[in-house]
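Q: Below are the structure tokens for one structure; questions will follow.
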Amino acid sequence: MILIVAGSKQGQQLAAQINQRCQCTGAHPQEVEAALRAQPEAIIVHWPSVQPTQDLMEALIRCGAPVIIKLERSASGAEVAAELAAMGVRNFRFEDESSDWNGYLFQIIDAHRRQGIIQSTHEYLESLHLVQMERTRSVLDSLQMGLMVIEGASDGQLMHYNHRLELLLNRDLETWHGWTLSQIQKHLKEEEPSEVSLFSLPVQISDETVSDFFRRGPLYLQRTTLPLISATDQVTGYLFVFKDVTFEVSSDRLDSVTGLPTKTEVASLLSRRVAWTLRHSGIPCRYLATGHIRITDMDHYREHQGQTAVEELLLTAASMLRLCSSDSMVIVRSGISDFLIYTVDHNPEQCIRKHGEIQTRLEALERKDKQPLKVQGGWAVRSLHESDFVDPARMEDGLRRAFKDGMRTADKALQRAILDKRQAMLYTAEDGFIAF
Numbered sequence: 204m205i206l207i208v209a210g211s212k213q214g215q216q217l218a219a220q221i222n223q224r225c226q227c228t229g230a231h232p233q234e235v236e237a238a239l240r241a242q243p244e245a246i247i248v249h250w251p252s253v254q255p256t257q258d259l260m261e262a263l264i265r266c267g268a269p270v271i272i273k274l275e276r277s278a279s280g281a282e283v284a285a286e287l288a289a290m291g292v293r294n295f296r297f298e299d300e301s302s303d304w305n306g307y308l309f310q311i312i313d314a315h316r317r318q319g320i321i322q323s324t325h326e327y328l329e330s331l332h333l334v335q336m337e338r339t340r341s342v343l344d345s346l347q348m349g350l351m352v353i354e355g356a357s358d359g360q361l362m363h364y365n366h367r368l369e370l371l372l373n374r375d376l377e378t379w380h381g382w383t384l385s386q387i388q389k390h391l392k393e394e395e396p397s398e399v400s401l402f403s404l405p406v407q408i409s410d411e412t413v414s415d416f417f418r419r420g421p422l423y424l425q426r427t428t429l430p431l432i433s434a435t436d437q438v439t440g441y442l443f444v445f446k447d448v449t450f451e452v453s454s455d456r457l458d459s460v461t462g463l464p465t466k467t468e469v470a471s472l473l474s475r476r477v478a479w480t481l482r483h484s485g486i487p488c489r490y491l492a493t494g495h496i497r498i499t500d501m502d503h504y505r506e507h508q509g510q511t512a513v514e515e516l517l518l519t520a521a522s523m524l525r526l527c528s529s530d531s532m533v534i535v536r537s538g539i540s541d542f543l544i545y546t547v548d549h550n551p552e553q554c555i556r557k558h559g560e561i562q563t564r565l566e567a568l569e570r571k572d573k574q575p576l577k578v579q580g581g582w583a584v585r586s587l588h589e590s591d592f593v594d595p596a597r598m599e600d601g602l603r604r605a606f607k608d609g610m611r612t613a614d615k616a617l618q619r620a621i622l623d624k625r626q627a628m629l630y631t632a633e634d635g636f637i638a639f
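So in the numbering used here the end of the sequence shown lands on 639, straight run, no missing numbers.
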């Protein structure tokens with residue numbers, strides 16, 4: 204809602220130019236106080252027709268919504284603008300301006316929302332450790348995406364969002380402002396069941412950053428859920444960051460079922476991350492590892508439960524795998540129920556621990572037929588030398604060849620694990636195949 208403080212005639216004229224719900228009031232303090240309880244998104248004051256008192260202006264500024272002053276283009280109007288600017292008002296328009304009110308309001312309100320969201324996430328970004336600088340940068344880049352802040356852990360309230368999210372979801376979110384997640388979900392279950400997952404917390408969420416993937420008709424969306432952490436290490440809410448990745452899917456950079464990167468993206472992603480590590484730490488990576496993870500019995504599961512059930516399980520599995528990922532790791536889908544893991548600087552012991560983490564997360568998932576989910580894996584680790592990084596221009600080609608060799612060896616390790624009925628097998632040039 205847009206609150207217009209103006210004379211009766213001037214208020215009606217302004218409201219007729221705005222494509223949003225407006226409420227007009229005079230400059231009487233009690234009328235304005237009652238209107239402010241409706242929490243307007245912006246306040247327009249037609250100065251020539253009301254000339255509010257200083258106390259009233261201070262009350263309007265304190266409410267937190269952006270205040271826009273409409274003035275006459277004159278010497279007296281300039282004096283008023285200077286006085287109000289000293290009080291903290293930043294938005295002024297003159298009577299003779301003919302630019303579109305709706306476009307102007309969009310910019311003012313969207314900038315105000317972004318500012319509130321950035322402030323709400325400041326503590327989270329401050330809490331990230333130095334080794335996560337690359338991830339922090341990607342989060343900051345994402346602040347230009349669709350944003351939504353849920354205040355309160357678990358069943359929190361929708362308190363902040365930006366216009367980009369409304370455009371991305373093709374939905375007016377104003378009616379849900381202040382609603383809890385359970386209220387939004389109840390409404391969607393009755394009206395639009397397919398949309399419920401967009402406004403639900405991930406299956407596994409606490410203080411972890413979780414990335415989910417959604418298909419909405421012809422569009423593909425990636426949603427990152429970031430917990431907001433207080434100074435006392437308590438989760439106080441969540442930030443949802445929505446990104447349109449339709450282009451990435453159509454250009455074969457992301458898998459259309461899980462949203463994970465495709466094989467064609469692996470070398471370029473990792474070469475950038477290796478280069479970043481070298482640039483910031485000067486320490487070359489010492490190991491290069493490839494893992495082949497398989498969720499077993501998926502052919503039988505698809506035959507009895509259907510392709511949709513398989514895709515739902517893989518989508519959840521992809522979210523769990525992202526939780527196991529790091530800045531030096533890329534996970535891709537390579538088959539019906541197969542995933543490849545490419546990582547730099549993971550030695551054999553770290554790969555064994557990583558496989559254990561992956562197995563624990565994936566085997567905790569539930570199948571529709573209530574049968575236990577089982578995972579097997581094969582890993583290959585090779586040592587790297589400083590000569591591998593002499594020519595940065597050829598780093599991507601070198602990594603592509605190395606990972607291709609590692610993939611073949613990891614596949615052999617997986618086949619050995621299957622034949623020997625072991626959970627996983629790891630290969631190194633020094634020790635050969637080792638079961639674990």
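Glycine included, each C-beta is placed from N, C-alpha and C at the ideal position.
Ends of the beta strand (DSSP E) at W582?
A: Unbroken beta strand (DSSP E) run through W582: 578-586.
Q: Quick check on the DSSP output: the beta strand (DSSP E) that includes P430 runs from which residue to which?
A: Unbroken beta strand (DSSP E) run through P430: 422-432.
Q: Starting from F450 and walking both ways along the alpha helix (DSSP H), at which residues does that stretch end?
A: Note, F450: alpha helix (DSSP H), 449-453.
Q: Just the C-alpha distance for H332 and L431, rounded to the nearest angstrom, thanks.
A: Because H332 sits at a pLDDT of 44, beneath the cut-off of 50, its placement in the model cannot be relied upon, and the point is left open.
Q: Give the secondary structure of N294 by DSSP, where H, G and I count as helix, E and B as strand, and everything else as coil.
A: Residue state, collapsed to three classes: strand.
Q: Helix, strand or coil, according to DSSP, for Q215 in the structure here?
A: The answer is helix: DSSP assigns Q215 an H, G or I state.
Q: V448: which of D458, K392, Y441, G359 sits nearest, CA to CA?
A: It is D458.
Q: Is DSSP giving F639 helix, strand or coil here?
A: Reduced to three states, the DSSP call for F639 is coil.
Q: Counting beta carbon pairs with one atom in the region 281-297 and one in the region 219-234, are three or more of them shorter than 8 Å?
A: With the cut-off at 8 Å, the region 219-234 and the region 281-297 do not touch.
Q: To which residues of the same chain is D548 closer than 7 Å at the C-beta, ignoring the five residues directly before and after it?
A: So the qualifying residues of the chain are C488, R489, Y490, S531.
Q: To the nearest angstrom, report how far apart R418 and L361 are at their CA atoms.
A: Cα-Cα distance, rounded: 22 Å.
Q: Output the boundary residues of the alpha helix (DSSP H) element that contains E234.
A: Unbroken alpha helix (DSSP H) run through E234: 232-239.
Q: In this structure, what does DSSP give as the bridge partners for F416?
A: Q425.
Q: Rounded to whole angstroms, what is the Cα-Cα separation between T631 and R604?
A: Cα to Cα, the separation comes out at about 17 Å.
Q: Please classify Q254: does DSSP put it in a helix, a strand, or coil?
A: Coil at Q254, not helix or strand.
Q: Quick one: what's got a C-beta closer than 7 Å to P405's C-beta in the same chain, skipping five residues either side?
A: The residues are V413, D415, T428, S522.
Q: Who are the Cβ neighbours of E514 in its own chain at under 6 Å, not counting the five residues just before and after it?
A: V460, listed in sequence order.
Q: From H558, L568, R497, pick the residue whose C-alpha is nearest to that of I621; which is it?
A: Residue R497 is the option with its Cα nearest to I621.
Q: Does K446 come out as helix, strand or coil in the three-state DSSP assignment?
A: In this structure, K446 counts as strand in the three-state DSSP scheme.
Q: Below 8 Å CB to CB, which residues in the same chain sit around S537 once its five sequence neighbours on both sides are set aside?
A: Closer than 8 Å at Cβ, skipping near neighbours: K466, H495, L543.
Q: Please classify T612 as buried or exposed, where buried requires at least 16 other C-beta atoms within 10 Å of its C-beta.
A: T612 should be labelled buried.
Q: Between the C-alpha atoms of F445 and G349, what's the straight-line distance to the nearest angstrom?
A: Whole-angstrom Cα-Cα distance: 5 Å.
Q: What would DSSP say about P464, mapped onto helix, strand or coil?
A: The answer is strand: DSSP assigns P464 an E or B state.
Q: Which class does D541 belong to by DSSP, given the choice of helix, strand or coil?
A: In the structure shown, D541 sits in a strand (DSSP, three-state: E or B).
Q: Report yes or no: do the region 303-315 and the region 272-281 share at least 3 C-beta pairs separated by less than 8 Å?
A: Result no; under three Cβ-Cβ pairs closer than 8 Å.
Q: T378 bridges to which residues according to DSSP?
A: Answer is none; T378 lacks a bridge partner.
Q: According to DSSP, is L568 part of a helix, a strand, or is it coil?
A: Here L568 sits in coil by DSSP.
Q: Only counting the same chain, and skipping five residues up and downstream in sequence, which positions put a Cβ closer than 6 Å to that of G359?
A: Counting only Cβ-Cβ distances below 6 Å, and skipping sequence neighbours, we find I353, G440.
Q: Would you call the CB atoms of A616 and F636 closer than 8 Å?
A: Yes, Cβ-Cβ distance for A616 and F636 is below 8 Å.
Q: Give, in chain order, every unbroken run of the beta strand (DSSP E) that is at least 3 residues long and sits entirely within the region 353-408.
A: Runs found: 360-364.
Q: Alpha carbon to alpha carbon, how far is Q579 from L463? Give it in angstroms, no decimals.
A: Approximately 20 Å, taken between the alpha carbons.
Q: Bridge partners for R536 per DSSP, in chain order?
A: In the DSSP output, where bridge partners are listed per residue, R536 has F542.
Q: Please work out which residues of its chain come closer than 8 Å, Cβ to Cβ, to D455, disregarding the five sequence neighbours upstream and downstream, and give them in chain order.
A: So the list reads T465, T467, once near-sequence residues are dropped.
Q: Among R619, T546, V253, which has the Cα closest to the Cα of H231?
A: If we check each option's Cα against that of H231, V253 comes out closest.
Q: Could you spell out the range, first to last residue, of the beta strand (DSSP E) harbouring A497?
A: The question names Ala, but residue 497 is Arg in the sequence shown. Here the beta strand (DSSP E) through R497 covers 490-498.
Q: For a test of the three-state rule: what should DSSP assign to G601, helix, strand or coil?
A: Three-state result, G601: helix.
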